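Using our numbering, the letters of the sequence shown map in sequence onto residues 18 to 448.
See structure below.
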Amino acid sequence: MSPQRMRARVVTSATAALLVGLSLTGCAASSSSPSAADAAGGPCASPGVTSKSIKIGLIYPDTGGAVATGFRSARSAVEARIDHQNANGGIHGRQVVLEWRDDESSAEGFTHAAHDLLDNEQVFGLIAQTIGIGPSAAWLDEAGVPVVGVATDSSWTDDHDNMFTFGSLFNEGNPVSTFGEYVKKQGGTRAYLVIDPSAPASHGLATQFAPSLTSQGVTVVGTSDYTQSVSNPTHVIDSLERTGADALIGVLQLGAYVDIYAAAKAAGIRLKVALTTAGYNMELLAARGRDMAGMSVLVGYQSFQQDSPTMRVYHEAMAAYAPELADPNEEVALASYVAADEMLVGLDRAGQCPTREAFIHNLRQVHDYSAGGLIAPTDLSQPKAPARCFNFLRVNASGDAYAVVPGGNGPAGFWCGTALGSGNGTPRSGR
18 MSPQRMRARV VTSATAALLV GLSLTGCAAS SSSPSAADAA GGPCASPGVT SKSIKIGLIY
78 PDTGGAVATG FRSARSAVEA RIDHQNANGG IHGRQVVLEW RDDESSAEGF THAAHDLLDN
138 EQVFGLIAQT IGIGPSAAWL DEAGVPVVGV ATDSSWTDDH DNMFTFGSLF NEGNPVSTFG
198 EYVKKQGGTR AYLVIDPSAP ASHGLATQFA PSLTSQGVTV VGTSDYTQSV SNPTHVIDSL
258 ERTGADALIG VLQLGAYVDI YAAAKAAGIR LKVALTTAGY NMELLAARGR DMAGMSVLVG
318 YQSFQQDSPT MRVYHEAMAA YAPELADPNE EVALASYVAA DEMLVGLDRA GQCPTREAFI
378 HNLRQVHDYS AGGLIAPTDL SQPKAPARCF NFLRVNASGD AYAVVPGGNG PAGFWCGTAL
438 GSGNGTPRSG R
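Given below as C-alpha cells:
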C-alpha cells in the first residue's frame with residue numbers, strides 16, 4: 018500500500034466514531050473568566066478581532082493525492098457552518114471571516130500554512146482538518162493558539178490544552194461499557210475480535226472492546242489481526258467455527274470487515290451480532306449492500322436519515338451554503354461542520370472582547386458539547402477520556418439503507434455506557 022493511501026485511511030478511521038444549539042442559543046454570552054479588556058471596557062487587542070469581525074483560519078489538504086480526496090468536502094462544510102452563523106448575527110455582533118490554506122497533505126505544509134495564517138493574516142485561531150498537525154502541536158500550544166478539529170493522531174490527546182476535538186478514538190484510558198451493552202442487548206454471548214493493527218486508532222479501540230464486553234458477561238473467545246488486501250478471511254472463518262462465536266467485532270477498515278462478514282454468512286455461520294467500528298459508507302452500501310445486510314456500524318453522530326431538528330438544520334445549512342456538495346451525508350463533511358461549530362462556541366464563550374486565553378479556559382469548561390445533538394456528547398474538560406456515547410446503525414435486510422438501532426439511554430437516543438475500572442470490567446465508583 019502506498020504511503021498516500023495509508024495516510025488517507027486516517028481520514029475515515031478518525032471520523033468514524035465521532036462528529037450549543039446550531040444558532041448558539043443557550044451558550045454563555047460572556048466568559049466565566051473574563052478578559053482584562055472585558056473588565057476594563059477597553060478596546061479589543063486580540064489577533065484577528067475588530068469591532069465588526071473575527072478572523073479565523075482553516076488548514077486542510079486541498080491537494081496531495083488520496084489524502085486530499087478524503088478531505089474534499091472539508092472547506093465547503095466549514096464555510097457552510099460559518100455562513101449560517103453570520104446569517105444569524107455572527108458572534109456578539111461580529112461577522113466571522115474565514116481564511117483558508119492548503120497544507121498539501123504534509124506536516125511541513127501544515128507548519129508553513131499555520132505560520133502564514135498566524136503571522137501574516139493574524140487569525141484568532143485555527144480549524145485544523147488535516148493529518149499534518151502533529152509536529153506543530155507543541156509550538157501552537159506554547160503560542161496559546163486555539164485549535165479545533167478532528168483528531169487524526171495522538172497529538173490531539175496529548176497535554177495540549179489549546180487543542181479541542183470531539184469523540185476521539187485515540188484515547189486509551191479506562192474503557193466504557195457501551196460496546197458490551199450493545200452486543201448483549203442484541204443477544205451476543207461469545208465475541209470474536211478482528212483487528213487491523215495498522216489502522217489509525219485501532220490500538221485505543223482494541224483495548225476498549227474486551228473489557229467492555231466482559232463487563233456485560235460477554236465472553237471474548239478469540240482475536241485475530243487482519244489487514245485489508247493482505248489477509249484472507251478463511252482463517253477468521255475457521256476461528257469463528259472453532260470457537261462457536263455468535264458475535265463478530267471488527268476494528269478495521271469497512272471493506273475488509275464486509276469481506277469477512279460475507280464469507281461468514283456464505284459458510285453458514287449464524288451470528289447474532291456483527292459490529293464494526295469503521296462507520297457509515299453509502300458508496301460501499303450501494304456496491305455491496307447484499308453482503309452488508311444485517312451488520313451494524315458504530316458512529317459518534319446522529320444518523321443522516323434521522324428526521325431530527327438538528328439534522329434538518331444541518332441539511333438546510335449545507336443546501337443553502339454548500340450547494341457544490343452533491344451529497345452532504347458524508348462523515349468528513351459532518352465532522353468539518355462540527356469542527357466549525359466548536360470554534361464558534363469557543364468564540365461565543367470567550368465574551369464580547371474575546372481573547373485566546375478566555376477561549377481556551379471557557380471552552381474547556383463545557384462538559385456536554387454535542388453541536389446541539391448532532392454528535393454524541395463530549396466532555397471537553399476531559400480531553401483524554403475515552404468517548405462514552407455512540408450511535409449504532411444496522412443495515413436493513415434488503416441491504417439498501419442504514420437504520421438506527423433503538424435502545425440508547427442517552428441524549429438524542431445515543432447509547433451512553435458507564436466508565437469502567439482499569440481494564441477489568443468493573444464500573445468505576447462515583448460515575
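We put the CB at the ideal spot given by N, CA and C, even for glycine.
Computed from a predicted structure; not experimentally measured.
For residue i: DSSP bridge partner residues
i                 : result
isoleucine 144    : Leu75, Val165
phenylalanine 409 : Leu315
glutamate 116     : Gly74
isoleucine 108    : Arg111
cysteine 433      : Cys406
tyrosine 386      : Thr395
arginine 207      : Thr236
isoleucine 266    : Leu210, Leu292
tyrosine 419      : Val412
valine 66         : Ile71
valine 193        : Ala436
Whether residue i touches residue j by CB criterion (8 angstroms)
i                 : j                 : result
valine 113        : isoleucine 144    : no
arginine 410      : asparagine 191    : The sequence given here places leucine at residue 410; arginine does not occur at that position. It is not a contact, given that the beta carbons lie outside the stated cut-off.
tyrosine 297      : glutamate 348     : yes
serine 229        : valine 193        : yes
alanine 404       : phenylalanine 431 : no
glycine 350       : serine 90         : Per the sequence shown, the amino acid found at residue 350 is alanine instead of glycine. Yes; because the gap between Cβ atoms is below 8 angstroms, this pair is in contact.
glutamine 203     : valine 290        : yes
alanine 155       : methionine 180    : no
arginine 98       : leucine 75        : no
valine 412        : methionine 312    : yes
glycine 78        : aspartate 136     : First, the residue type needs correcting, since residue 78 is proline and not glycine in the sequence shown. No. Outside cutoff.
isoleucine 266    : leucine 210       : yes
arginine 208      : threonine 236     : First, the residue type needs correcting, since residue 208 is alanine and not arginine in the sequence shown. Contact flag set, yes.
glycine 205       : serine 232        : no
histidine 101     : alanine 334       : yes
isoleucine 108    : isoleucine 71     : yes
phenylalanine 407 : glycine 317       : yes
alanine 160       : threonine 182     : no
threonine 294     : valine 253        : no
tyrosine 243      : aspartate 213     : yes
phenylalanine 226 : arginine 373      : no
serine 256        : glycine 239       : yes
glycine 81        : glutamine 139     : no
leucine 397       : glutamine 319     : no
phenylalanine 376 : leucine 361       : no
For residue i, the three-state DSSP class (helix, strand or coil)
i                 : result
aspartate 242     : strand
threonine 251     : helix
valine 275        : helix
phenylalanine 88  : coil
alanine 46        : Residue placement at alanine 46 is flagged as unreliable, the pLDDT there being 33, under the threshold of 50; the coordinate-derived value follows with that caveat. Alanine 46: coil per DSSP, three-state reduction.
phenylalanine 183 : coil
asparagine 426    : coil
glycine 368       : coil
aspartate 308     : helix
proline 228       : helix
arginine 329      : helix
alanine 57        : With a pLDDT of 35 at alanine 57, under the threshold of 50, the predicted position of this residue should be treated as unreliable, though the coordinate-derived value follows. Helix, per DSSP.
isoleucine 286    : coil
leucine 36        : Residue confidence is low: leucine 36 scores 35 on pLDDT, short of 50, so the model does not pin down where it sits. Its coordinate-derived value is still stated next. Correct three-state label for leucine 36: coil.
proline 152       : helix
glutamine 102     : helix
phenylalanine 321 : coil
serine 172        : helix
glutamate 198     : helix
serine 93         : helix
proline 51        : The predicted position of proline 51 is uncertain, since its pLDDT is 44 and thus under 50; no value can be drawn from it.
asparagine 137    : helix
arginine 373      : helix
arginine 344      : Checking the displayed sequence, the identity of residue 344 turns out to be aspartate instead of arginine. It is coil, neither helix nor strand.
histidine 177     : coil
asparagine 379    : helix
glutamate 121     : coil
Any non-hydrogen atom of the ligand COA closer than 7 angstroms to residue i Cβ
i             : result
aspartate 120 : For the structure depicted, the ligand COA is absent and the ligand set is empty, with no information on it obtainable.
Sufficient close CB pairs (3 or more, under 8 angstroms) joining the stretch 374-393 to the stretch 112-129: no
Segment contact flag, the stretch 272-280 with the stretch 351-359, C-beta cutoff 8 angstroms, min 3 pairs: no
Segment contact, 8 angstroms Cβ cut-off, at least three pairs: the stretch 302-309 with the stretch 322-331: no
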